[in-house]
């Protein structure tokens with residue numbers, strides 16, 4: 001340790017000499033004005049960040065942003081000046097952050113390094129604690145879809161490692177063996193199993209248990225002469241004991257959340273799943289009953305409702321406690337249909353004869369490759385009657401042979417002579433089944449030597465559809481899933497009946513009791529801010545006339561009231577953009593400010609082609625409208641388009657009226673960020689978007705987008721530098737008048753609970769390092785994560801003053817207890833009025849608050865800014881900076897560096913079914929987006 005510390009001090013001294021952050025450095029200007037100017041100049045003149053390079057892995061499994069230095073022979077070593085913490089900082093007792101804590105040659109960032117005289121970013125060891133509740137507005141009582149746990153186990157529960165066979169057996173066999181008679185008799189009652197490798201019991205079995213299961217014997221089947229024995233070994237070994245005293249200490253505030261608490265909650269979570277998983281179709285924490293009423297989405301896909309449950313520690317008036325969140329689960333599944341019908345839908349064939357034509361060919365056709373989506377699905381044969389429904393096969397692959405081409409050896413039972421026979425002839429002779437479509441490919445199953453024709457296979461029910469829905473299916477899914485609060489609560493109650501906690505034998509045996517009474521809490525109805533508003537041949541001309549009238553009525557000004565109209569030829573969208581650009585510019589002898597396109601339908605390729613050509617070739621904003629809306633020429637639609645026009649041309653629709661300086665007591669920059677990912681299985685890059693406010697009141701934002709590796713959630717250091725730096729420079733020039741902001745509010749979207757520290761250690765760290773290159777080390781940050789991916793809903797009492805006419809909570813409904821974190825600073829805010837379905841509040845979690853905002857200031861700011869979303873005249877659910885970032889990250893697909901004729905690269909793949917994203921920095925840099933020319937200042941205006 002001492003040697004490592006001495007080497008580090010030598011490196012730090014060497015790196016600190018002559019650094020621009022050294023107060024004694026002669027390059028540092030004196031005086032407030034010159035200092036600010038030099039800082040701004042330094043940021044503008046600094047070289048661009050080097051291209052992203054592969055960094056070595058950290059010990060915690062993540063990667064550091066440029067956290068390495070070149071060694072001899074190209075070997076890389078970790079650079080302690082930029083490396084992240086590799087241990088859980090919450091477990092470290094730091095007496096003072098002025099000291100360097102050395103652990104495995106890594107040190108924690110602190111605010112001031114006495115050796116190098118250098119400012120450092122201090123990674124918080126704890127997230128902010130929950131402050132006192134908000135007192136503004138009106139107190140209300142609302143119901144939540146959570147249910148308190150009345151009692152949980154107090155005695156130790158023993159955890160066991162289960163090894164079945166060689167440890168690599170499939171899940172179906174593992175489940176079958178665990179439920180076997182031999183295992184049940186050896187273990188007795190009171191055991192639960194995660195279906196993979198871990199089991200729990202209150203029985204202490206310290207000695208290893210070894211069981212041999214003979215499945216042939218248990219099923220009453222004799223072993224075939226010369227056949228392989230169907231015997232399997234099961235080993236069960238105790239590895240741990242789950243204790244609940246640590247969880248109890250955490251809930252009472254006497255102990256920190258540690259691994260023992262996590263183990264206890266993990267066990268309770270699996271305990272709650274045990275009974276439902278044996279009765280229903282399970283998808284993680286959601287359960288779907290068989291025979292439920294189903295809703296057809298089209299394309300061989302259907303949807304139906306189930307129930308979702310999860311356990312969590314929550315804040316309550318009486319102190320922290322455990323609670324269960326129960327909600328509706330909307331699942332998409334393959335329709336139980338004949339396999340060749342499902343193949344027709346997957347290949348988008350008009351009918352079965354066309355399907356046969358699409359699949360024909362010596363080489364694999366695109367339609368044949370599309371059949372891969374059907375792999376791993378379970379099917380049963382229909383050639384033997386209804387009894388086959390219980391005898392399931394799993395599709396391994398489709399063979400590029402028809403039933404008349406594929407042959408196998410058939411042994412005559414009387415003569416013992418083998419001869420070759422086709423699949424077609426076999427089923428005709430053996431089962432009297434004449435195939436109607438013998439030219440369809442045959443299906444090979446995972447079971448050895450089983451090949452069946454498509455039309456004699458039928459998909460089993462309740463098999464999850466894991467791919468991205470198309471536009472029509474998505475539209476139908478929204479219609480199915482969107483339900484008013486009354487119907488949603490009825491579905492929750494139906495789910496409670498499915499879970500049936502009172503009669504769950506596993507909950508009883510372990511002592512877990514759940515109160516089925518809905519939790520009701522006191523919330524606040526925040527006061528609404530006071531608004532300050534601002535402001536196709538014959539059918540097109542009529543629309544233009546009405547548009548001018550509505551736009552000017554809203555306070556807008558139009559100079560050219562007779563724009564150039566060019567009829568579409570239905571050809572290349574890029575050429576249409578070029579023609580409209582040239583004719584509009586020539587007619588007015590000015591650079592066009594806006595190009596408008598009327599398209600016949602929602603065609604994603606046409607839309608992306610128009611946007612890419614406008615923004616990346618000419619640097620001009622555009623508006624795309626559907627012909628059906630133009631023909632109707634409705635005032636409400638025109639008003640909505642007017643707001644988009646206004647926003648794209650630099651206007652503001654509305655702002656929350658309050659203090660003359662708005663909600664900010666000091667010059668403030670607001671940043672929003674989001675990363676969007678392609679569909680599971682696609683190799684397309686993730687898109688990172690950062691939005692930055694461009695005025696003093698944060699009513700307008702500019703966005704920057706770039707590729708961010710493949711399925712990587714944390715924004716790379718290179719992206720933060722290249723995207724954020726020009727936006728901050730623009731803010732300093734136009735808003736700060738040469739000065740940097742005193743405060744930065746950073747709102748991050750799409751981050752899970754386990755990635756909160758990554759946001760601080762990577763993204764916020766990179767932002768502070770960027771500011772430090774300009775000499776800015778005193779700008780204070782407030783960092784929040786905004787999330788809508790949760791199952792919490794707010795149910796006001798019907799007819800109450802806190803409910804709207806649909807039974808949804810009124811805009812401004814705030815919940816700070818009952819479902820929030822027991823100790824950390826988070827809250828649920830419903831800022832919008834839900835026109836359809838049940839309102840989903842946004843969950844805000846404060847990760848850092850160096851500005852020391854009161855709850856009234858922070859929550860009021862978020863709510864008031866929801867009224868400032870430029871594309872709406874009513875408040876929106878999400879903080880605008882995050883909303884814009886979400887839109888920008890999806891719109892960035894139009895700027896992918898690929899020929900438009902090849903289609904959008906972001907189209908989801910169908911190879912890999914797994915999804916998810918990583919917190920790691922990108923290992924390799926994906927192909928960058930096409931850069932937008934900034935002739936019309938488009939980069940800082942949209």
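Numbering (the UniProt record's numbering), first residue to last: 1 to 942. Glycine is no exception: its CB is placed at the ideal position from the N, C-alpha and C atoms.
Short of 6 Å from the beta carbon of residue 756, and not among the five residues preceding or following it, lie these beta carbons of its own chain, in chain order: 847. The Cβ neighbour count for residue 154, taken over all protein chains shown within 10 Å, is under 16; the residue is labelled exposed. Inter-residue distance for residue 583 and residue 486 is about 55 Å (C-alpha atoms, whole angstroms).
Contact between residue 315 and residue 822 holds, since their C-beta atoms are separated by about 5 Å, short of 8 Å.
Contact check for residue 886 against residue 753 fails: the beta carbons are separated by 9 Å or more.
DSSP places residue 685 in no beta strand (DSSP E); its state is neither H nor E. Here DSSP, grouped into helix, strand and coil, assigns residue 317 to coil. The beta carbon of residue 695 sits closer than 7 Å to the beta carbons of 735 from its chain, once the five residues preceding and following it are set aside; these are given in chain order. Collapsing the DSSP output to three states places residue 203 in coil. Beta-bridge annotation (DSSP): residue 622 is paired with 595. DSSP, read as helix, strand or coil, puts residue 584 in helix. Secondary structure in the UniProt domain "PAZ" (351-461): the alpha helix (DSSP H) runs of 4 residues or longer, each lying completely within the stretch, are 352-359, 366-370, 423-430 in chain order. In this structure, DSSP gives residue 130 a state outside helix and strand, which the three-state scheme calls coil.
In this structure, the beta-carbon distance from residue 698 to residue 668 falls below 9 Å. The criterion of a C-beta distance shorter than 9 Å is not satisfied by residue 523 and residue 265.
When the Cα atoms are used, residue 841 and residue 856 turn out to be separated by approximately 18 Å. A Cβ-Cβ contact shorter than 9 Å links residue 811 with residue 863. Taking every protein chain shown into account, the CB of residue 673 has 16 or more other CB atoms within 10 angstroms, so this residue is buried. Contact annotation: residue 471 and residue 602 have beta-carbon atoms nearer than 9 Å. By the C-beta density criterion, residue 236 is buried, having at least 16 other C-beta atoms within 10 angstroms. Note on geometry: alpha-carbon atoms of residue 649 and residue 578 lie some 20 Å from one another. In the structure shown, residue 564 adopts coil according to DSSP, grouped into three states. With a threshold of 16 other beta carbon atoms within 10 Å, residue 448 falls short and is exposed.
If you draw a straight line from the Cα of residue 797 to the Cα of residue 136, it comes to about 21 Å. The C-beta distance from residue 164 to residue 177 rounds to 5 Å, short enough to meet the 8 Å contact threshold. Looking at the DSSP output, residue 501 sits in no beta bridge, so it has no partner there.
When the Cα atoms are used, residue 774 and residue 716 turn out to be separated by approximately 20 Å. Burial check for residue 693: the Cβ neighbour count within 10 Å reaches 16 or more, so the residue is buried.
About 7 Å separates the CB atoms of residue 380 and residue 393; that is less than 8 Å, so the two are in contact. Setting aside the 5 residues that flank it on each side, residue 298 is surrounded in the same chain by 472, 473, 476, each with a C-beta closer than 7 Å to its C-beta; the list follows chain order. A direct Cα-Cα distance of roughly 28 Å separates residue 300 from residue 428. Comparing C-alpha distances from residue 195 to each of 170, 215, 182 shows the shortest one belongs to 170.
Looking at 360, 338, 403, 354, the one whose alpha-carbon comes closest to that of residue 374 is 338. Your pair residue 521 and residue 148 does not check out as a contact, with CB atoms roughly 11 Å apart and the cut at 8 Å. One alpha carbon belongs to residue 758, the other to residue 879, and they sit about 22 Å apart.
When the five nearest sequence neighbours on each side are left out, the beta carbons in the same chain lying within less than 8 Å of the beta carbon of residue 320 are those of 250, 251, 252, 253, 313, 314, 822, 823, in order along the chain.
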